[in-house]
Amino acid sequence: AMAAQGCLQLLAQLLGDDIIEPVVSFVGANFRDQDWRKREAAILAYGSIVEGPSEDRMRQIVAGSLAELTAALKDTSLSVRDTTAWMLGRIAATHPEVMNVPALASLLGEKLSDHPRVAANICYVLHCIAEQ
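This is the structure:
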């Protein structure tokens, strides 16, 4: 999975906006799937293209999906929660203006008590928010 993620990151930087449509289609088809592997793959793919396409275009897409992403922090799968926390860190680092800190504060605080993998990524989200 990590090799595919790295490849998508490089493709996003190479292709820019042209990578958005196929990845967003993949995300839409798999984000709510019953199989946790498909949900995780969707979030991983999405997080991989946060940098590369134009900032304005990605900001709109990210802002429109933030509520669903934060809801995924409550997924039953540890891997989905971990990948979602990683994705939120990518958003906080690249598009901090879309992070509604007052609305997220309680959930982020709660997730610090989650599995250490999730909590570590939540710490990164908080670090990125604090830097802004």
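So the mapping is simple: this note's numbering equals the position in the sequence shown, first residue as 1, plus 1. The C-beta atom is built at its ideal place from N, Cα and C for all residues, glycine as well.
With a Cβ-Cβ cutoff of 8 Å, do MET100 and ILE130 count as a contact?
Taking 8 Å as the Cβ cut-off, MET100 and ILE130 qualify as a contacting pair.
Could you check whether the Cβ of ALA2 sits closer than 7 Å to any heavy atom belonging to the ligand GDP?
The ligand GDP is absent from the structure shown, which contains no ligand whatsoever.
Decide if THR77 is buried, meaning its Cβ has at least 16 other Cβ atoms within 10 Å, or exposed.
Exposed is the call here.
Any idea if GLY90 is buried or exposed, counting beta-carbon neighbours within 10 angstroms, 16 or more meaning buried?
Buried: at least 16 other Cβ atoms inside 10 Å.
So, using beta-carbon positions, are VAL24 and ILE50 closer together than 8 Å?
Cβ atoms of VAL24 and ILE50: closer than 8 Å.
In terms of residue numbering, what span does the alpha helix (DSSP H) encompassing THR71 cover?
Looking at the DSSP string, the run of the alpha helix (DSSP H) that includes THR71 is 56–72.
Could you have a look at MET1 and say whether DSSP puts it in helix, strand or coil?
This structure leaves residue 1 out entirely; the chain is present only between 2 and 133.
According to DSSP, is GLN133 part of a helix, a strand, or is it coil?
Here GLN133 sits in coil by DSSP.
Would VAL28 count as contacting chain C if we go by Cβ distances under 8 Å?
No chain C appears in the structure shown, which is made up of a single protein chain.
Rounded to whole angstroms, what is the Cα-Cα separation between GLU41 and ILE92?
Whole-angstrom Cα-Cα distance: 16 Å.
Is it the case that the Cβ atoms of GLY53 and GLY7 are separated by a distance below 8 Å?
No, the pair does not count as a contact, with Cβ atoms beyond the cut-off.
Whole alpha helix (DSSP H) runs in the region 2–40 with 4 or more residues, listed along the chain?
Segments of the alpha helix (DSSP H) lying fully in the region 2–40: 3–16, 21–31.
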